[in-house]
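Each protein sequence line maps, in turn, to chains A and B. In our numbering, each number is its position in the first sequence, counted from 1, plus 1. In our numbering, each number is its position in the second sequence, counted from 1, plus 3. The beta-carbon is built from N, C-alpha and C at its ideal position, and this holds for glycine as well.
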Amino acid sequence: MEHRSLLEWRESLRRREISAQELVEYYLERIRRLDPQIKAYLTVCEEEARRQAREADRRLSAGEELPLLGVPLAIKDNICTRGVRTTCASRILENFVPPYDATVIERLKAAGAILLGKTNLDEFAMGSSTENSAFFPTRNPWDIERVPGGSSGGSAAAVAADLCAGALGSDTGGSIRQPASFCGVVGFKPTYGRVSRYGLVAFASSLDQIGPLTRTVADTALLLQVIGGPDERDTTSWPEPQPDYLAELEKPLSSLRLGIPKEAFGEGLSPEVRRVLEEALREAEKLGHEIREVSLPHLEYALPAYYIIAPAEASSNLARYDGVKYGFRAPGRDLIDMYKKTRSQGFGAEVKRRIMLGTYALSAGYYEAFYRKASQVRTLIIRDFEEAFRQADLILMPASPTPAFRLGEKTDDPLKMYLSDIYTIPVNMAGLPGLSLPVGFTENRLPVNLQVIGPQLADALVLAFGRALEAALTLDLKPPLE
Amino acid sequence: MAISKEEVQHVAHLARLEFSEEDLERFTRELSGILEYMAKLSEVDTSGVEPTYNALRLENRFREDQVRPSFPPEEILSNAPEREGSSFVVPRVIRS
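Pasting the structure below:
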C-alpha cells in the first residue's frame, strides 16, 4: 500500500476500504520508523492528526464527500497554522505559535484534509539544500548522503519517502521545483497570484507563491483546486475564479508547440541531466507535439537581478523580527542594542547575508544602480518570455542544472549554491506557472525533473501537458529506503 | 565591485545587525564577491525600460471600509517575549 497517490487514498477512504484513522496511523508509523533518517519533519502533530482522523471518519460514515476528507498532508513550516508552532526553521521563531491559519490552511481544513505535521526548510525559505535550517538538515530519500534540495526540502523528502499523502511548499526562486527534482516528486509553482499568500511568512512578496508537492500531476491539480482562487486578504491574489483543473486534465490535448530555449541547454547544465531531458523531449514528440527552438536572451541576467530584488524585499519583510511582538529576544542595553542582539543571535548566516545584500541594494546612493536596474532587467526577462510564447504554447527547460548534490558540497560558497536555481528563478521573475515533473534518472539512480512553463494563468495547460507526459513515461518513483 | 569593511559596518547598523570582527571580515569578502557577480547587470542596456515591481501588473484594489472583528488582544500578546497587562514591554527608550 506504499506510495499511493492522494487520489487513490481518497477513493479508498470513500469506499471505506481504509479509515482515516488507519491512514493516519500508517503515516505516523512510517514517520517513526523512517524520519529519524530523513528528518523531513520539524513538528509531527500526532494527537491532533488522530483527533482530526476520528472526526473525518465520522463524516465519511455520514457519506460526506469533501475534496480531501481524511487525507493526511504535510505543510512547509513557513505557512501559519493556528495553534501549531510555525518556526520558518529559524531560532528567531522557534517558539512562535500563530493565532490564525493561512488561507491555504483554512481551505485545506474546510476540504477535510488532516494536518500531519510541519516540514523542514532553509531558514525563512532562503537556500537550495535545506542545510540552512537552524535545526538540522533534511536528507534525500534516494541517497541520504545527498541534500533533498531547498528550500522546501522537508516537503519534497516527505512526499518522496511516503511520509505524507501530499504536501505544500513555497517557491520564491525555485524552492518547490528544485527540491521536487532532487527528490523525484511532482512540484508546481502556480501563476503568481493564483494562491493566496495570506499567512505565508513573507520572504520576497513579489515572487513568493505557495504550491503543491505530490506524487502525481493529478494530485497537484486536486490540491491546487482546493488552495487556489481569489482571497480578499491578499490584494495580489488573482481576482478571477479558477478553472476546474481535474476536468481540464481529462480533456484530449491538441498538438502543442513546445519551445526549447537554447540558452537553457548550454553551458552549466550537467551532461547527465541533459541526456535525461533530451529523452523526455523525444517522448513528448512521440505524443504528437512539436519541438521548436526559442530564445530567452536575458536568461543569464535573471540570477543576478533576482539576488538584488529578492534580498531587497526580504530586508524589508524581515524588519518585523525585532524581539518585541513575537519570537526570540536577546537582552540589550537599550532598544537599538536589543534589536541588534536579537536579530544577530536569532538569524542564521544566510538570512543575515541576504538582509545585508538587500539593505545595501536599497541604501542611499545604490538604489538606482542596483534595485532599479534589477527591476528593469526583470521587465526584459518578462518580454523575453512574451516573445517566446508567441512562438510556443509551452516552454520546456531543466528544473535544476544538476541532480541532488552531497551535503556540505556547496555550503562554503554562497554563489555556487545560488546557481542551483538558475532555471527556476526567471519563472518567478515573470510570475509564470512552472511544473517540475519527474522524467528519468541518472546512472546512479538520482531523479531528474523537467520544468514545464506556461504563460500567466495557463496553469491548467501546464498541468494537462505534464499529466500526458507523466502517463507516457510510467516511472517507478519509489526510493530504495526499505 | 568591492565593498569596504566600513561600508559593511554601516549597512549592518541600518539593518540592525552586528558582527564580530571575524564575521565582519568574512561578510565583507562574501558580499564583495556577490556584488562583483551582480555587476554583470551593467552589461545590459536598460535605457528607457520601465522597471517591473509586480509581474501581474495588478492595480490597487479597493473595498468598502467595514468594521469587522479583529484578534483578541490576549491571542496577539501570547507570543510576546515580554508583556505587562495588555502591553508589549520594551527596554526603556526615554531617559527619566
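Chain A residues whose Cβ lies nearer than 7 Å to that of residue i
i: B:LYS8; result: In chain order: nothing, as chain A lies at least about 13 Å away.
i: B:VAL93; result: VAL325 and LEU336
i: B:VAL96; result: LEU336
i: B:ARG64; result: THR236
Partners in chain B for residue i, counting only beta-carbon separations shorter than 9 Å
i: A:TYR193; result: ASN57, ALA58 and LEU59
i: A:PHE371; result: LEU38, MET41 and LEU44
i: A:THR360; result: VAL14, ALA15, LEU17, ALA18 and LEU20
i: A:GLY212; result: None at all; the shortest Cβ gap to chain B is about 16 Å.
Buried or exposed (CB count within 10 angstroms, at least 16 for buried), residue i
i: A:PRO439; result: buried
i: A:MET430; result: buried
i: A:GLU124; result: buried
i: B:ASP68; result: exposed
i: A:ASN96; result: exposed
i: B:VAL92; result: exposed
i: A:TYR327; result: buried
i: B:ILE97; result: exposed
i: A:GLU30; result: exposed
i: B:PHE74; result: exposed
i: A:THR475; result: exposed
i: A:HIS290; result: buried
i: A:ASP422; result: buried
i: A:ASP460; result: buried
i: B:VAL70; result: exposed
i: A:GLY194; result: buried
i: A:ASP477; result: exposed
i: A:ASN445; result: exposed
i: A:TYR368; result: exposed
i: B:PHE30; result: buried
i: A:ASP58; result: buried
i: B:ASP48; result: exposed
i: A:ASP323; result: buried
Supposed close pair residue i, residue j - CB separation, criterion 8 Å
i: A:SER6; j: A:ASP245; result: Not really, about 19 Å apart at Cβ, beyond 8 Å.
i: B:SER89; j: B:PRO72; result: Wrong, their Cβ atoms sit about 17 Å apart, outside the cutoff.
i: A:THR343; j: A:SER316; result: Actually they do not touch by this definition, with Cβ atoms about 16 Å apart.
i: A:GLU314; j: A:ALA205; result: 4 Å
i: A:LEU69; j: A:ALA103; result: In fact, because the Cβ distance is near 16 Å, the residues do not count as touching under 8 Å.
i: A:GLY118; j: A:SER437; result: With 8 Å as the limit, A:GLY118 and A:SER437 do not qualify as a contact, their Cβ atoms being about 23 Å apart.
i: A:THR425; j: A:GLN452; result: 7 Å
i: A:LYS77; j: A:GLY155; result: 7 Å
i: A:ASN133; j: A:ALA203; result: Between A:ALA203 and A:ASN133 the Cβ distance is about 17 Å, and since that is not below 8 Å, they are no contact.
i: A:LEU35; j: A:LEU164; result: 6 Å
i: A:GLY435; j: A:GLN457; result: So it is not a contact: roughly 11 Å between Cβ atoms.
i: A:LEU358; j: A:TYR308; result: 7 Å
i: A:TRP10; j: A:ALA166; result: 5 Å
i: A:GLY185; j: A:ALA161; result: 6 Å
Partner residues on chain A for residue i, Cβ-Cβ distance less than 9 Å
i: B:GLU78; result: PRO100 and TYR101
i: B:PRO81; result: Note that residue 81 of chain B corresponds to Ser in the displayed sequence, not to Pro. Going along chain A in sequence order, the residues near B:SER81 (Cβ under 9 Å) are VAL98, PRO100 and TYR327.
Interface residues of chain B facing residue i [CB-CB closer than 7 Å]
i: A:GLY432; result: ALA58 and LEU59
i: A:SER364; result: VAL14 and LEU17
i: A:SER316; result: ALA18
Cross-chain neighbours of residue i in chain B, by beta carbon under 8 Å
i: A:MET339; result: VAL93 and PRO94
i: A:SER207; result: TYR56, ASN57 and ALA58
i: A:HIS299; result: VAL47
i: A:GLY333; result: PRO94
Chain-ordered chain A contacts of residue i [CB-CB under 8 Å]
i: B:GLU85; result: ARG330
_Residues from the stretch 33-54 of chain B in contact with chain A, defined by Cβ distance under 7 Å_ = GLU33, LEU34, GLY36, ILE37, TYR40, MET41, LYS43, LEU44, VAL47, THR49, VAL52, GLU53 and PRO54
_Taking beta-carbon pairs under 7 Å, can you tell me which members of the stretch 137-150 of chain A lie near chain B?_
none
*Which of the residues in the stretch 227-244 of chain A, read from start to end, lie with their CB under 8 Å from any CB of chain B?*
GLU233, THR236, THR237, TRP239 and PRO240
_With three or more C-beta pairs closer than 8 Å as the rule, is the stretch 378-386 of chain A touching the stretch 331-344 of chain A?_
no
*Flag this pair as touching only if the stretch 181-201 of chain A and the stretch 73-89 of chain A have three or more C-beta atom pairs under 8 Å; answer yes or no.*
Contact between the stretch 181-201 of chain A and the stretch 73-89 of chain A is present, because at least three Cβ pairs lie under 8 Å.
*asked:* Output needed in chain order: residues of the stretch 374-395 of chain A with a Cβ under 8 Å from some Cβ in chain B.
replied: Answer in chain order: LYS374, ALA375, SER376, GLN377, VAL378, ARG379, THR380, LEU381 and ILE383.
*Check each residue of the stretch 398-428 of chain A: if its Cβ is closer than 7 Å to any Cβ of chain B, include it; give the result in chain order.*
PRO415 and LEU416
*Does the stretch 398-405 of chain A come close enough to the stretch 256-275 of chain A that 3 or more CB-CB pairs lie under 8 Å?*
With a cut-off of 8 Å, the stretch 398-405 of chain A and the stretch 256-275 of chain A count as touching, because enough Cβ pairs lie within range.
*asked:* Check whether the stretch 50-59 of chain A and the stretch 19-31 of chain A are in contact - that is, three or more C-beta pairs closer than 8 Å.
replied: yes
*Does the stretch 356-374 of chain A come close enough to the stretch 118-138 of chain A to have 3 or more Cβ pairs within less than 8 Å?*
no
*asked:* Check whether the stretch 280-295 of chain A and the stretch 412-429 of chain A touch, using three or more Cβ-Cβ pairs below 8 Å as the test.
replied: no
*Contact the stretch 226-234 of chain A vs the stretch 463-476 of chain A: 3+ CB pairs below 8 Å*: no
*Given 8 Å as the limit, is there contact between the stretch 106-126 of chain A and the stretch 238-255 of chain A, that is, 3 or more CB pairs closer than that?*
no
*asked:* Which residues of the stretch 444-459 of chain A have a Cβ closer than 8 Å to any Cβ of chain B? Give them in chain order.
replied: Flagged, chain order: GLN457.
*Note down, in chain order, all residues in the stretch 302-313 of chain A with a beta-carbon under 7 Å from any beta-carbon belonging to chain B.*
TYR302, PRO305, ALA306, TYR308 and ILE309
_Would the stretch 369-380 of chain A count as touching the stretch 295-312 of chain A if we require 3 or more Cβ pairs under 8 Å?_
Taking 8 Å as the limit for Cβ pairs, the verdict is that the stretch 295-312 of chain A does touch the stretch 369-380 of chain A.
*Mind the definition here: the stretch 141-148 of chain A touches the stretch 169-178 of chain A only if three or more C-beta pairs lie below 8 Å; say whether that holds.*
no
*For the stretch 345-359 of chain A, which residues have a beta carbon sitting closer than 9 Å to at least one beta carbon of chain B?*
SER345, PHE348, ALA350, LYS353, ARG354, ILE356, MET357, LEU358 and GLY359
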